[in-house]
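> Could you have a look at this structure, given as structure tokens, before my questions?
Protein chains: 2
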Amino acid sequence: MYLQVADQLRAKITSGELREGDRLPSVPGLASDLRISRSTASEALKVLISEGLAVARSGAGTFVRLPREPQRLIRAWYRARPYGSPFRQDMERQGRAAGWTYDSQTIQAPPEIRNRLALTEAEGDTEDVVRTHYVFTADEEPVMLSTSWEPLATTRGTAVVLPEDGMLAGRGVVERMLSIGVVIDDWVEEVGARLGTADECEQLKHASGSIMVTIQRSYYAGKQPVETADIVVPADRFALVYSGKMGRTGEE
Amino acid sequence: MYLQVADQLRAKITSGELREGDRLPSVPGLASDLRISRSTASEALKVLISEGLAVARSGAGTFVRLPREPQRLIRAWYRARPYGSPFRQDMERQGRAAGWTYDSQTIQAPPEIRNRLALTEAEGDTEDVVRTHYVFTADEEPVMLSTSWEPLATTRGTAVVLPEDGMLAGRGVVERMLSIGVVIDDWVEEVGARLGTADECEQLKHASGSIMVTIQRSYYAGKQPVETADIVVPADRFALVYSGKMGRTGEE
DNA sequence: TCGAATTTGTGCGTATGTATC
DNA sequence: GGATACATACGCACAAATTCG
């Protein structure tokens, strides 16, 4: 029965009768209108909330929240011209001002990252990677998180040890590596989705429990991984666009 | 309070005290053990179910369902050799038996699909696309849904009007189109994530409210779209892998 | 094969706390 | 401060599915 009530309300939303921000009938209101119990009315609203079509504000009411059309994040074409920041290029193409804050640390890579970077077993507590955490913003609004790891074996003693330091700050991994003679020629991205952690939701100013699209990106120079990153974007704001030509691949 | 109970149970799962397939305490059992009401105990179990850590079987109990390490679905390399079914190739590479069921219909394309296929305005109620709904299985288990649309303008009157009919049944869009002289050379995939609909969760035998990764795939012959598909895979089972070589792209 | 016991799912009613208007 | 609304908790009842002797 609560499913039927939910269907009725959903129909009013999808038909356009109720619009973004409109208030849905209250639990007591629904109950008396439809001659059902408050519990059942509450169950029906919970269905819509779990579907992401509504949000409840305690004390105020339950409100329609239409899924926004997600922006597109291009994950392929810009690699043709690997100069400058891919994120800034993508945002500027959409007329938005890109920015970011970051925080770099030199640490010992955790096991999973060792694996992704094909590092040998850790020696004692030697620091062997630079980890940089980014918060990317579009028009001052935080929209993407990224944590990147670069092995010190590649960059130690060069001018680009720290990603956001020196001449090539903010120009992207590929260009920085090129400047020290490391030619990145392969990329692999592994895309998944999950609920955002409390921490991620807070940094992105999203409601806790939001769905995040995750990307594990790795860059290779030949067979050698030279950078890997965990990228997190809220699924309700972004879709990732991959494209290519048939018959072309990185694994030939 | 139900959140605290959920935390206790979750701890038993993540610590390994409860294993895959083990039965969680029943609602009446929890209620009497912890001196809480059955409703509260039920709420606690619902939390774990919504987190994907448990599944309830009506009449039997609630059982632990550990998140598997997601399988990788390769979305790029096979396009180098566009013959046969990409899904089957991918599953066989992982030692799993691939299969599918399908249902084709000739219909008038809805507005969003018209847009994706660059179709002109609908004329009356003329049927102008073949829509095929697939349920893909790996080792008999449903793992992926796909709905594809092909414009009749391309295939009308040929031997490959129906995707799963005739000589080239089950060999993939690219090979079928090639057989009628349509050379697919570009592909675009738009990846997002959202909660699964009730219908999708049921078809994939997932708990309702599971997170799904969605792909809008389009194939192009030159600038002309010749097929588009909505693909849905459960995020807790699959990660998508894209890869390529730097400096190569479909948009040069 | 049948039936009793158990378990989940759903629904009703009620009460309390707390946030919002 | 008062009215309204959601969130959570309690108790009870019955249907449907499952399990097991």
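Which chain is which? The protein sequence lines are A and B, in order. Heads up, the first sequence is in my numbering, so the first residue is 1 and it goes up one at a time. Heads up, the second sequence is in my numbering, so the first residue is 1 and it goes up one at a time. Just so it is clear, CB atoms sit at the ideal spot from N, CA and C, and this is done for glycine as well.
In the DSSP assignment, find the unbroken alpha helix (DSSP H) run with Gly29 of chain B in it and report its ends.
The residue labelled residue 29 of chain B in the question sits at position 29 within the second sequence. Unbroken alpha helix (DSSP H) run through Gly29 of chain B: Val27 to Leu34.
> Is the CB of Ser50 of chain B under 9 Å away from at least one CB in chain A?
Walking along the second sequence from the start, residue 50 of chain B turns up at place 50. Yes, its Cβ sits closer than 9 Å to a Cβ of chain A.
> Counting only beta-carbon atoms, is Phe238 of chain A nearer than 9 Å to chain B?
By one-based count along the first sequence, residue 238 of chain A stands at place 238. Closer than 9 Å to some Cβ of chain B, the Cβ of Phe238 of chain A qualifies, so yes.
> Ala169 of chain B to Pro163 of chain B, Cα distance in whole Å?
As a position in the second sequence, residue 169 of chain B is number 169, starting the count at 1. As a position in the second sequence, residue 163 of chain B is number 163, starting the count at 1. Roughly 6 Å between the two C-alpha positions.
> Would you decide whether Arg116 of chain A is buried or exposed? Buried here means 16 or more other CB atoms lie within 10 Å of its CB.
Against the first sequence, residue 116 of chain A aligns to sequence position 116. When all chains shown are included, Arg116 of chain A counts as buried.
> What are the partner residues of Ser243 of chain A, as DSSP defines its beta bridges?
For the purposes of this step, residue 243 of chain A is taken as the residue at position 243 of the first sequence. DSSP output for Ser243 of chain A lists B:Val188 as bridge partner(s).
> For the alpha helix (DSSP H) that Pro234 of chain A lies in, which residues bound it at each end?
As a working mapping, residue 234 of chain A is identified with position 234 in the first sequence. Run containing Pro234 of chain A: none in the alpha helix (DSSP H); it sits in the beta strand (DSSP E), Gln224 to Pro234.
> Runs of 3 residues minimum, wholly inside the stretch 140-202 of chain B: which ones carry the beta strand (DSSP E) assignment?
Here the runs fully enclosed are 141-151 and 186-195.
> When the distance is taken between beta carbons, is Tyr219 of chain B closer than 9 Å to Val160 of chain B?
For the purposes of this step, residue 160 of chain B is taken as the residue at position 160 of the second sequence. For the purposes of this step, residue 219 of chain B is taken as the residue at position 219 of the second sequence. Not a contact, by the Cβ cut-off of 9 Å.
> Determine whether the Cβ of Leu24 of chain A lies closer than 9 Å to any Cβ atom of chain B.
Taking the first residue of the first sequence as position 1, residue 24 of chain A is located at position 24. No - not a single Cβ of chain B is within 9 Å of the one on Leu24 of chain A.
> Would you call Glu140 of chain B buried or exposed, if buried means 16 or more other Cβ atoms sit within 10 Å of its Cβ?
Within the second sequence, residue 140 of chain B is the residue found at index 140, counting from 1. Label assigned to Glu140 of chain B: exposed.
> According to the neighbour-count rule (16 or more other Cβ atoms, all chains shown, within 10 Å of its Cβ), is Gly244 of chain B buried or exposed?
Stepping through the second sequence from its first residue, residue 244 of chain B is reached at position 244. Counting Cβ neighbours within 10 Å, Gly244 of chain B comes out buried, since at least 16 surround it.
> Use the C-beta contact count for Asp199 of chain B: other C-beta atoms within 10 angstroms, 16 or more gives buried, fewer gives exposed.
Taking the second sequence and counting its residues from 1, one reaches residue 199 of chain B at position 199. By the neighbour-count rule (16 or more Cβ atoms within 10 Å), Asp199 of chain B is not buried but exposed.
> Return no unless some Cβ of chain A is closer than 9 Å to the Cβ of Gln224 of chain B.
On the second sequence, position 224 is the one that residue 224 of chain B refers to. With 9 Å as the cut-off, Gln224 of chain B does not count as an interface residue toward chain A.
> At which residues does the alpha helix (DSSP H) containing Asp7 of chain A begin and terminate?
What you label residue 7 of chain A is simply residue 7 of the first sequence in a count that begins at 1. Counting along the chain, the alpha helix (DSSP H) containing Asp7 of chain A begins and ends at Tyr2 to Thr14.
> For the beta strand (DSSP E) containing Arg131 of chain B, name the first residue and the last one.
Position 131 of the second sequence, counted from the start, is the residue given in the question as residue 131 of chain B. Start and end: Val129 to Ala138.
> Let me check understanding here. Comparing Cα to Cα, which of A:Ala44, A:Arg35, A:Ser32 and A:Gly29 lies closest to Ala11 of chain A?
For this step, residue 11 of chain A is matched to residue 11 along the first sequence. It is A:Ala44.
> Is DSSP giving Leu66 of chain B helix, strand or coil here?
Taking the first residue of the second sequence as 1, we reach residue 66 of chain B at position 66. The answer is coil: DSSP assigns Leu66 of chain B none of H, G, I, E or B.
> Using a Cβ cut-off of 9 Å (strictly closer), state whether Ser243 of chain A contacts chain B.
Along the first sequence, read from residue 1 onward, the residue named residue 243 of chain A stands at position 243. Yes, Ser243 of chain A lies at the interface with chain B (some Cβ there is under 9 Å from its Cβ).
> With DSSP run on the structure shown, which of helix, strand or coil describes Thr40 of chain A?
Indexing the first sequence from 1 puts residue 40 of chain A at position 40. It is helical.
> Using only the alpha-carbon positions, how far apart do Thr132 of chain B and Val191 of chain B sit?
Against the second sequence, residue 132 of chain B aligns to sequence position 132. Against the second sequence, residue 191 of chain B aligns to sequence position 191. Looking at the two C-alpha atoms, the distance is approximately 20 Å.
> Residues of chain A with a CB under 9 Å from the CB of Trp187 of chain B: which are they?
The sequence position of residue 187 of chain B within the second sequence is 187, counting from 1. Result: Tyr242, Ser243, Gly244, Lys245 and Met246.
> Under 8 Å Cβ-Cβ, which residues of chain A neighbour Ala235 of chain B?
Your numbering for residue 235 of chain B matches position 235 in the second sequence. Simply Gly192, Ala193 and Arg194.
> Can a CB atom of chain A be found closer than 9 Å to the CB of Ile107 of chain B?
Along the second sequence, read from residue 1 onward, the residue named residue 107 of chain B stands at position 107. Ile107 of chain B does not count as touching chain A.
> Just to confirm the assignment, what range does the beta strand (DSSP E) spanning Arg19 of chain B have?
In the second sequence, counting from the first residue as 1, residue 19 of chain B sits at position 19. No beta strand (DSSP E) contains Arg19 of chain B, which DSSP labels as neither H nor E.
> For Val255 of chain A, is the classification buried or exposed, using 16 other Cβ atoms within 10 angstroms of its Cβ as the cut-off for buried?
Residue 255 of chain A is absent from the structure shown; chain A starts at 1 and stops at 252.
> Please state if the CB of Arg217 of chain B and the CB of Ser85 of chain B are separated by a distance shorter than 9 Å.
For the purposes of this step, residue 85 of chain B is taken as residue 85 along the second sequence, with counting starting at 1. For the purposes of this step, residue 217 of chain B is taken as residue 217 along the second sequence, with counting starting at 1. No.
> From Trp187 of chain B to Asp186 of chain A, what distance separates their C-alpha atoms?
Looking up residue 187 of chain B in the second sequence gives position 187. Looking up residue 186 of chain A in the first sequence gives position 186. Between Trp187 of chain B and Asp186 of chain A, the C-alpha separation is close to 19 Å.
> So the candidates are B:Leu152, B:Ile36 and B:Ala193; which of them puts its Cα closest to the Cα of Gln105 of chain B?
Residue 105 of chain B sits at position 105 when you count from the first residue of the second sequence. Minimum Cα distance to Gln105 of chain B is reached at B:Leu152.
> If we ignore side chains and look at the alpha-carbon of each, how far apart do Phe63 of chain B and Leu24 of chain B end up?
Working through the second sequence from its first residue, we reach residue 63 of chain B at position 63. Working through the second sequence from its first residue, we reach residue 24 of chain B at position 24. The alpha-carbon atoms of Phe63 of chain B and Leu24 of chain B are separated by roughly 6 Å.
> Mapping DSSP to helix, strand and coil, what is Ser50 of chain B?
Taking the first residue of the second sequence as position 1, residue 50 of chain B is located at position 50. The answer is helix: DSSP assigns Ser50 of chain B an H, G or I state.
> Report back the beta-carbon spacing between Thr155 of chain B and Ile184 of chain B to the nearest angstrom; my notes put them in contact at under 8 Å.
Here residue 155 of chain B is taken as the residue at index 155 of the second sequence, counted from 1. Here residue 184 of chain B is taken as the residue at index 184 of the second sequence, counted from 1. About 13 Å; that fails the 8 Å criterion.
> Could you tell me whether the Cβ atoms of Ile211 of chain A and Leu195 of chain B are closer together than 9 Å?
Your numbering for residue 211 of chain A matches position 211 in the first sequence. Your numbering for residue 195 of chain B matches position 195 in the second sequence. Taking the C-beta atoms as reference points, Leu195 of chain B is found nearer than 9 Å to Ile211 of chain A.
> Spatial neighbours of Pro142 of chain A within its chain, please: CB distance less than 8 Å, with the 5 preceding and 5 following residues excluded, ordered by chain position.
In the first sequence, residue 142 of chain A corresponds to position 142, counting from 1. Answer for Pro142 of chain A: Val135, Phe136, Gln203, Leu204 and Lys205, listed in chain order.
> Quick one: is Gln216 of chain B near chain A, going by C-beta distance under 9 Å?
Here residue 216 of chain B refers to the residue found at position 216 when the second sequence is read from its first residue. Closer than 9 Å: yes.
> Using a Cβ cut-off of 9 Å (strictly closer), state whether Ala76 of chain A contacts chain B.
By 1-based counting over the first sequence, the position of residue 76 of chain A is 76. Yes, Ala76 of chain A counts as interfacial toward chain B.
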